[in-house]
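Here's the structure we're looking at; comments come further down.
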Ligand SMILES: Nc1ncnc2c1ncn2[C@@H]1O[C@H](COP(=O)(O)OP(=O)(O)OP(=O)(O)O)[C@@H](O)[C@H]1O
Ligand SMILES: [Mg+2]
């Protein structure tokens, strides 16, 4: 097995990254893995869960981190008007502050715009279903809105999640790429395995060197760090 490249050095002020996508796209689950892997590489991490906890079937990142040690602190949703400030305050030196978000609906609230104004990078999690190109367009529209006001706007990257049939994912990736969206090579594959993402909620994350998740965590880290 070839040795992985060394992890990138993050800027002194750290990096902030938001994970956005529709309900059930796997954002919170993916983040639990990423935090655990990044911590294992020695990258300081902090999570902010901007999703308000409710009677959710799946549980939030905050609930997951409260049930089990993910290796990094995860804070519950601050008031919307405090998100920017909190993301800056909590971002660790040469580390990453990740922001988990509530489901991206057609009629988004202010929280998503605020979250986007608070981060350097947006990772848009898209399940390969027919309407997802439209969702990418609406997220990009928000980023454009920020640019129009002269505010610093985050860089957008797309990650395909809950990928089952790769033909559907390949089709969506083709459309996204043709439309100019940068799509990560790594995909968060759907798996119902008992030790996999479908059952990870409330469980500790096992970090395995050389696994697909290791490669995913390294690719997302590279993108967030630049
Ligand atoms: N790769 C995967 N394979 C199989 N099941 C998954 C995968 N990722 C997440 N799940 C399951 O799918 C459900 C939704 O995942 P998750 O809560 O992470 O999505 P989310 O995008 O955070 O949703 P929400 O917007 O509602 O917060 C959960 O029950 C989770 O266990
Ligand atoms: Mg979630």
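Numbering (our numbering), first residue to last: 105 to 330. Backbone N, C-alpha and C define an ideal beta-carbon position, used for all residues, glycine too.
Residues of its chain near residue i, where Cβ-Cβ distance is below 8 Å and the 5 sequence neighbours each way are ignored
i, result
"residue 150", "176, 177, 178, 179, 194, 195, 196, 199, 200, 201 and 202"
"residue 215", "154, 184, 187, 205 and 206"
Contacting residues, own chain, Cβ-Cβ under 7 Å from residue i (five flanking each side not counted)
i, result
"residue 235", "none"
"residue 329", "112, 114 and 119"
"residue 219", "122, 154, 187, 203 and 205"
"residue 311", "140, 141 and 144"
"residue 172", "306, 307 and 308"
"residue 244", "260"
"residue 272", "232"
"residue 156", "181 and 206"
"residue 191", "120, 152, 201, 203, 222 and 223"
Host alpha helix (DSSP H) of residue i (start-end)
i, result
"residue 139", "131-144"
"residue 166", "165-171"
"residue 325", "316-329"
"residue 188", "187-194"
Residues bridged to residue i [DSSP beta-bridge criterion]
i, result
"residue 179", "152"
"residue 366", "A query on residue 366 cannot be resolved here, the shown segment of the chain reaching from 105 to 330 and no further."
"residue 225", "121 and 259"
"residue 76", "Not covered by the structure: residue 76. The range shown for the chain is 105 to 330."
Opening and closing residue of the beta strand (DSSP E) in which residue i lies
i, result
"residue 220", "No beta strand (DSSP E) contains residue 220, which is instead part of the alpha helix (DSSP H) from 214-221."
Same chain, Cβ closer than 6 Å to residue i, neighbours up to 5 away in sequence not counted
i, result
"residue 263", "227, 229 and 288"
"residue 163", "305"
"residue 283", "none"
"residue 207", "126 and 127"
"residue 134", "292"
"residue 302", "296"
* Could you name each continuous alpha helix (DSSP H) segment of 4 residues or more that falls completely within the segment 248-312, going from the start of the chain to the end? => 270-282
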